[in-house]
Structures are given as structure tokens and as C-alpha cells.
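Trainee:
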DNA sequence: ATAGGGTTAG
């Protein structure tokens, strides 16, 4: 007789007095376990089997043997035994056996169903739960508080809204929502779905509340970004005499970190210590995260280094903290420490490192990490793949981004948005819009980041039709309009030439009292040459006690620069730090230099560059160079260009500008030399083109373009216009033709400029009297500006040309921006 | 007999 057989028999005998039986079942090697056929125990009471299952619950082979005995004894119909078996099997991880028991119950009772639901949860088979819950309803099996709690938990993790709500209704009908655990689960479910108000109602109705319950509701406020409210709730909780748990503290620390409430965060830190949680890995990790979010990596590192044990999440939080705060070398150093410590790393670690590459456009390391991810077979990880898509787009490797995106099986809003932003920022705005349509087809709901990037696409394309469609789409689908989206829309309307639509939106939303809203309006007015209006918005801001920020001053100075308001711009620049505590940065100096050099005050601009408190950045020098070009100061221009080139600043724009300066000075040899240099370095001059939107379609024209089907008509119309404008007194200014050719040829080249072709096409294909809107990628030349004025008078059409720099708005022979260059 | 809340990363 084998030992295990002996034990089993012994136990059966003892089972009549179950409290005293303590078998030494560990001694039983399962290989020698005798089959149940040799265990002739009949007519045992069901409770005996229950107590046996209890004793042998951690050895599958014993459980199986008892199970067989149960069948032999004809007691398997006892539902508490079935429930017990299901529980024991699923605890051991043998869900299949549990399911068999369940399936053999012809009409399972509540306890059996509950055991099965719990089994599914324990074995991560949440998706089986909704069906089972519905079966209970359909077959009129009673539902109790356990059923509701387990099933709701499954739905919370499954993102199953429909069944979740069904469960909540069923629970409320039976009054279970007043039960501590069921109520907590309901609060948690509603919080996770974002129904904070409903969660609060359930919470308020609960007669008894414990820490877990408070944690759920506080977590809900944190998740919604209502940090101050979450802190209030926390205070209310401890005011009621409840002791916070580590989870409570983690929620509180998150609120402090994300809201930037540094002082409160530090109080929370000392409270953590006072509560004796100074050794809790979970809470300490939250502290690391909080300090990182507050921008205080020093304190984060201090906490991190003081930890006597760390989870992988602690390491990840610290690495991510470094990346978030732009400390990429430190993030790599810590990653090395992690690897050396022998513990591995996971997808979370890689996400942070990849994000570091995106931030620094570090394609080289990005590719290394990507290859590591593929080798570790982590490419199917959603967050990680999204980070890779983002990394490739930020590094300009849009093709790679598209490939990774295409390979991804699972995608969510953030994935789609990352791809959308990538396409739009790499100049593929049309493709981005197409991708959005695809996203709609796949029924992925957009978030505010998606919407903003979409509006930016339309603004970039200068496509009013598309912009309006997108705007209407938002309204129809009931998206909330916050300040960020509204600002993007203001920017879009301004860039599409509809300054009045932008104005209307701004005035409607001014009550939001938001700086970014004002900034976009100032920028819009600036682009349209309405410097005075831009200054008006600024006065309104000051009246309302809105604090201007760095961007405000960039927009204002740009606006002044485009309208020739030199003195006003200077005054603003000097008031920045004095009155508003905004220290001028590189970009502000660049604006100021631009302001002067555009107005032809080159000496003053040069003086400014010399007096700058830091090394002049390339954009400062570029602004000066551009002024030299416009105001034909060849000597200074050459000096500045030389300085830029010696900075190893590889930008074809500089070379083009320099070659233009030489061309204007008729130094053709130098022009050729510069062109040769450009060729040698593989640089290409960006070809100029103009876009016009007619009937939902965007048409592109390049200089001297004859690819359009009706090119003959276009050139004929231009020839007629030429005769008419010359009769009106227009004299061609060939100084902007920078080629070494004779005068008639120069005039011919001028009439081939892309904006003229686009205007002629617009005149041919749009109804009389309607507005003509052109978008040009480079700057419009003086002569095109001039000739368009005449054309607007002759054809009696309003013409708007948006170039790389600003708007040219022509009405009846005049330009609204006073021709200021 | 059976129980609910959780820290990092796009």
C-alpha cells in the first residue's frame, strides 16, 4: 500500500471528526499515488469531500482523486461541492478542469456561477465573464453581491461598457450599491469610464466608506485632472479619521506631481514618512515620479538612491524622469546601472529611452533600440511601437514610421495621432488628412491632440475648404472646444486668409481668458499686416490682467516687424523683462533684429547683434542677412553669410540668399561659385510653387509651368493682363530676376512666376467677383507684389497671397499692408 | 466558502 493511499484512507476515516485530522500529505510522491479505483469509500457525506478538498487544495492529483470519489459517491450534484471544485481547480491554474465541472452542472446555482466567474478572473480570462453574467440573467439564476462585484471587475478591465452598465443597473435594483465592496467596485468602474459625477453619486449614497472606496474616488479626480478637488477629498478622508493606505498616498503624490503643486507635494512627502511608509517601494516610486513631474530630478534621484529595494517600475520611473526633463545622458547612465545590476529591463524602460531619441532627433540610437526591440520580440507592444512611430517621425524618417505603423496589429488613438502628427510635421499634410479619414472608418474616436494636429494640417495646406470641413466635423461630433483647439482654429482661419473668421472665434471665446488664445490672434493679425490690431489684443490682455508669456512677445514683435512698427516693437522689447518678468531669449532678439533689418535700419540691427548677451544664433544672423538682401547691402550681407557658413550651418536658404545678394550686385562669378558649393554639398534650392484651391481640389504651379491642361489659356490671359497693367502704368522691376540674362528675357521670366500662373488659373476657373486665394511656399517677390496690385484693380477681384512669411491682401489696386516689405 | 483600490511608459 502506497503512502498516499494510506494517507487518503486515514483521512477518510478521520473525516468523521474533521477538525483533528492533520495529514502529512507532503510526504506523498504523486507518481506512486494509487488510482481512485482502489479507494472503496462509499456513502460519504458531501461535507467530508468538502473538507478533503480544503485540505488537499494545493495538489492537483489529490484534488482529481477526490473529484473522482465525489462522482462515485453520487454527490457531484451538490452545488457547494461543484463550487468548491471549480474554486480549487481554478486556484491551481487548471481552468479547463474547472470549466468541465461547471459544464456538468445542468443548472448551476449562484454559488457555482460565482466560483466560475472568480475562476475566470483569477486566470485572466475576463472576456468569458460578460457572457456568463448574461446567461445568469436569461436563465433566471439569482444574482448576489459577489456576482455583481466579480462581474463588474471583469468589465472594468475589459472596457466592456454595455455589460458593465447592465450589472450596475441590476445591482442598484437589488440595493447592492449600498454594500461596501459592491459600491466600491461600482465607483471604480464609473471612474475608469470617466463618469466621475455618477461615481460621486454612488459614493455619496454609500452608508459606510473605507480606505479602498476613498482611493477609488480620489483616483477618479486625479485621472480627470481635477487635482485640487482630489486633494480636498483626501483632506476630507483623513478628517474623518481614516488612515491613508499606500494607494491613497500614491494618488495624492500623483496629483501633486501633475498639478505642479510643489509645496503640497513636499508636505505629502513628510506625511508619507510620518505614516511609516518610508520603506514602501510602491509609495517611494510614486515619490520619484512626483519629483520628476515637478522638474526636480535632484530630489527624485535622492529618493531613488535612498530606496533599499527597487522594483523595475522604480527604475523606469527614474529613467523616464530624466528623459522628461531633457537629461538624456543621465537616462542612459541609469539604464547602464540597471543592466549592470543584473535585473532585466522591460518595454517600459525602452519606451522612455525611445522617447529620449525622439526629443533629441537621435536617429542612430533610435535605430539601435528598435533593433533591440525586434530581437526581444517586443514589437507587438502597443505603447512601445507607438513610441517608435513617434521617434521615426520626429527624426524625419517618415518612411520608417509608416512601415512600423503599417505593421502594427493593435492601434489606439495615440498611435493614430502619432502617425498623423508625424505626417503633418514632415510636410505630408494631405496624407495626414487621408489618414484621419481612415481612422474614422476604423471607428477610432479622436482626442484633442488629434484634432489640433488635424487643424494644423489644414492651416499648413492653407486649405479653407478642408479647414472648415474639419471644424464642422468637430461641431457635429460634439467635441469639446478648449482653448488649445480654439487657438489652432484661429491660427487656421488666419492662415487661410479668413482673418475675420479668426476674429469672430477669438471674440466669442475671449471669456476663456487664455494666453494662448490671445497669442494666436496676435500672430494672425501680424501675418495679415495688421500690426495695430495685434497691439490692440495685447492691450486687452493687459486690461484683463492676463500674464503675457514668451510666445506672446514673439508674436507681438513679429507683428510689429511685418507692419513696420519699429518704435512700438522696441518699446515692447524693453518692457518684457521690466514689466512682465519675461526674460528675452534668442528668438526675441531674432525678432528685434528682423524688425530693424526689415525696416532698413541695418546699422542698428548690426549693433543689436553685437550687444546681445549671448552668442547670436543662426536665426538672428539669418534675419540680418535677409535684411541685407532686401535693402541691397552687399558688403554686410557677404560678411554675415560668411559668418553663418563658418558656423557649419548647413541650410540651403543661406546659400540661396548669398547667391541672390551676389546676383543683385551683378557678381555672376560669385553666383556661380556659390551654386557650385551648393552642388558639392548636395544641397538643392527648394523650388518655388504656388497653390490654389478650386472646387475642393488643390492645384500646384511651378515657375514657367506648362504641365496644366489649360496652360495655353493661362499664358494667353497673362499676356493680355500684361498689356493692360502696362497701360495702367506698371513698370517691371527686374531686379528680382537673379539670372544673368538680358532684359526682355528677365521680363519673360517674371511673367512665368508661379503665383501669376496660379492667379491666372484662378481668374479662369472661378466665378466673377469671388475671392482668389493663393498659397506660396517661398516669399513673393517685389514685382509679383506690385503686379498683383494692378491686376486686382483691372479684374476687380480681391486677391490674397499667403507666402512663407505673411499675407498680401490686394483690393482694388491697393495692398492692405501698406506695401511694407 | 468566495471579495473591492495601485506606482512607470506613447
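Numbering (the UniProt record's numbering), first residue to last: 1 to 821.
We put the beta carbon where it would ideally sit given N, CA and C, even for glycine.
Hey, how far is the Cα of residue 490 from the Cα of residue 339?
Mentor: For this step, residue 490 is matched to residue 490 along the first chain. For this step, residue 339 is matched to residue 339 along the first chain. One C-alpha to the other measures close to 49 Å.
Trainee: Which residues does DSSP pair with residue 690 in a beta bridge?
Mentor: In the first chain, the residue the question calls residue 690 occupies position 690. Answer is 701 and 776.
Trainee: Please state whether the Cβ-Cβ distance between residue 450 and residue 416 is less than 8 Å.
Mentor: Within the first chain, the letter at position 450 stands for residue 450. Within the first chain, the letter at position 416 stands for residue 416. It is a contact, given that the beta carbons lie within the stated cut-off.
Trainee: Since residue 61 is in the alpha helix (DSSP H), which residue starts that stretch and which ends it?
Mentor: Locating residue 61 in the first chain gives position 61, where the first residue counts as 1. Run containing residue 61: 60 to 72, per the alpha helix (DSSP H) assignment.
Trainee: Which parts of the region 744 to 795 are runs of the beta strand (DSSP E), unbroken and 3 residues or longer, counting only runs that do not cross its ends?
Mentor: Taking only runs of at least 3 residues, the beta strand (DSSP E) segments lying wholly in the region 744 to 795 are 772 to 776.
Trainee: Once DSSP output is grouped into helix, strand and coil, what is the label at residue 741?
Mentor: Your numbering for residue 741 matches position 741 in the first chain. DSSP places residue 741 in coil when its eight states are reduced to three.
Trainee: If you follow the beta strand (DSSP E) that residue 345 is in, where does it begin and where does it stop?
Mentor: For the purposes of this step, residue 345 is identified with residue 345 of the first chain, where counting begins at 1. Premise fails: residue 345 is in no beta strand (DSSP E) and is neither H nor E.
Trainee: Hey, residue 94 and residue 60 are a contact pair by Cβ (cut 8 Å); roughly how many whole angstroms apart?
Mentor: By one-based count along the first chain, residue 94 stands at place 94. By one-based count along the first chain, residue 60 stands at place 60. Residue 94 to residue 60, Cβ: 6 Å. Contact.
Trainee: Can you pull the DSSP bridge partners for residue 802?
Mentor: Position 802 of the first chain, counted from the first residue, corresponds to residue 802. In DSSP, residue 802 forms a bridge with 775 and 807.
Trainee: For residue 523, which residues in the same chain have their Cβ closer than 6 Å to its Cβ, ignoring the five residues on either side in sequence?
Mentor: Sequence index remark: in the first chain, residue 523 carries index 523 (1-based). The answer, listed in chain order, is 555.
Trainee: Evaluate the contact criterion for the region 560 to 568 versus the region 528 to 540: three or more CB pairs, one atom per stretch, below 8 Å.
Mentor: At 8 Å Cβ cutoff, the stretches touch.
Trainee: Any idea if residue 731 is buried or exposed, counting beta-carbon neighbours within 10 angstroms, 16 or more meaning buried?
Mentor: Translated into the one-based positions of the first chain, residue 731 becomes position 731. Burial call: exposed.
Trainee: For residue 814, list the residues DSSP reports as bridge partners.
Mentor: Here residue 814 corresponds to residue number 814 of the first chain, with the count starting at 1. Per DSSP, 811.
Trainee: Looking at residue 790: is its Cβ nearer than 8 Å to the Cβ of residue 725?
Mentor: Position 790 of the first chain, counting from 1, holds the residue named residue 790. Position 725 of the first chain, counting from 1, holds the residue named residue 725. Yes.
Trainee: Alpha carbon to alpha carbon, how far is residue 454 from residue 383?
Mentor: The residue labelled residue 454 in the question sits at position 454 within the first chain. The residue labelled residue 383 in the question sits at position 383 within the first chain. Those two C-alpha atoms are separated by around 22 Å.
Trainee: Output the distance between the C-alpha atoms of residue 161 and residue 446, rounded to the nearest integer angstrom.
Mentor: Residue mapping note: residue 161 aligns to position 161 of the first chain, counting from 1. Residue mapping note: residue 446 aligns to position 446 of the first chain, counting from 1. Near 18 Å, if we compare the C-alpha coordinates of residue 446 and residue 161.
Trainee: What residues in its chain sit with their C-beta under 6 Å from that of residue 130, if we drop five residues either side in the sequence?
Mentor: Locating residue 130 in the first chain gives position 130, where the first residue counts as 1. Once the five neighbours on either side are set aside, the close Cβ partners of residue 130 are 160 and 163.
Trainee: What separation, rounded to the nearest whole angstrom, lies between the Cα atoms of residue 68 and residue 62?
Mentor: As a working note, residue 68 is residue 68 in the first chain. As a working note, residue 62 is residue 62 in the first chain. Those two C-alpha atoms are separated by around 10 Å.
Trainee: Just how far apart, CA to CA, sit residue 519 and residue 482?
Mentor: Counting from 1 along the first chain, the entry for residue 519 is found at position 519. Counting from 1 along the first chain, the entry for residue 482 is found at position 482. Using only the alpha carbons, I get a separation of about 15 Å.
Trainee: By the DSSP assignment, the alpha helix (DSSP H) with residue 597 in it spans what residues?
Mentor: Taking the first residue of the first chain as position 1, residue 597 is located at position 597. 586 to 598 is the span of the alpha helix (DSSP H), which, as asked, contains residue 597.
Trainee: Considering only their Cβ atoms, is the gap separating residue 461 from residue 430 smaller than 8 Å?
Mentor: Numbered from 1 along the first chain, position 430 holds the residue referred to as residue 430. Numbered from 1 along the first chain, position 461 holds the residue referred to as residue 461. Yes, these two residues count as a Cβ contact at 8 Å.
Trainee: Can you tell me whether residue 177 is helix, strand or coil according to DSSP?
Mentor: Here residue 177 corresponds to residue number 177 of the first chain, with the count starting at 1. When DSSP states are grouped into helix, strand and coil, residue 177 belongs to the helix group.
Trainee: Specify the secondary structure class of residue 504 as computed by DSSP and reduced to three states.
Mentor: Walking along the first chain from the start, residue 504 turns up at place 504. Looking at residue 504 - three-state DSSP - the assignment turns out to be helix.
Trainee: In angstroms, rounded to a whole number, what distance separates the CA positions of residue 561 and residue 597?
Mentor: In the first chain, counting from the first residue as 1, residue 561 sits at position 561. In the first chain, counting from the first residue as 1, residue 597 sits at position 597. Whole-angstrom Cα-Cα distance: 9 Å.
Trainee: Quick one: what's got a C-beta closer than 7 Å to residue 506's C-beta in the same chain, skipping five residues either side?
Mentor: Residue 506 sits at position 506 when you count from the first residue of the first chain. For residue 506, where only same-chain residues beyond five positions count, the Cβ hits under 7 Å are 490, 517 and 521.
Trainee: Per DSSP, what kind of secondary structure is residue 195 in: helix, strand or coil?
Mentor: For the purposes of this step, residue 195 is identified with residue 195 of the first chain, where counting begins at 1. If DSSP states are grouped into helix, strand and coil, residue 195 belongs with coil.
Trainee: Grouping DSSP H, G and I as helix and E and B as strand, with all else coil, what is residue 144?
Mentor: Along the first chain, read from residue 1 onward, the residue named residue 144 stands at position 144. Three-state result, residue 144: coil.
Trainee: Can you tell which of 815, 770, 798 and 152 has the C-alpha that lies nearest to the C-alpha of residue 786?
Mentor: In the first chain, residue 786 corresponds to position 786, counting from 1. It is 815 whose Cα lies nearest to the Cα of residue 786.
Trainee: I need the straight-line Cα distance from residue 798 to residue 754, nearest angstrom please.
Mentor: Walking along the first chain from the start, residue 798 turns up at place 798. Walking along the first chain from the start, residue 754 turns up at place 754. So the two alpha carbons sit approximately 18 Å from each other.
Trainee: Should residue 290 go down as buried or exposed, given a rule of 16 or more other Cβ atoms within 10 Å for buried?
Mentor: The residue you call residue 290 lines up with position 290 of the first chain. It counts as buried.
Trainee: Any idea if residue 316 is buried or exposed, counting beta-carbon neighbours within 10 angstroms, 16 or more meaning buried?
Mentor: Counting from one through the first chain, the residue named residue 316 turns up at place 316. Classification of residue 316: buried, given that the 10 Å Cβ count is 16 or more.
Trainee: Hey, quick one: how far does the alpha helix (DSSP H) through residue 224 stretch, first residue to last?
Mentor: Mapped onto the first chain, residue 224 falls at position 224. Element bounds for residue 224: n/a, residue is neither H nor E.
Trainee: Let me know if residue 548 comes out buried or exposed under the rule of 16 or more other beta-carbons within 10 Å of its beta-carbon.
Mentor: The residue given as residue 548 occupies position 548 in the first chain. Per the 10 Å Cβ criterion, buried.
Trainee: Contact between the region 659 to 670 and the region 754 to 768 is defined here as three or more beta-carbon pairs at a separation below 8 Å; is this criterion met?
Mentor: Between the region 659 to 670 and the region 754 to 768 there are fewer than three inter-stretch CB-CB distances shorter than 8 Å, so the stretches are not counted as touching.
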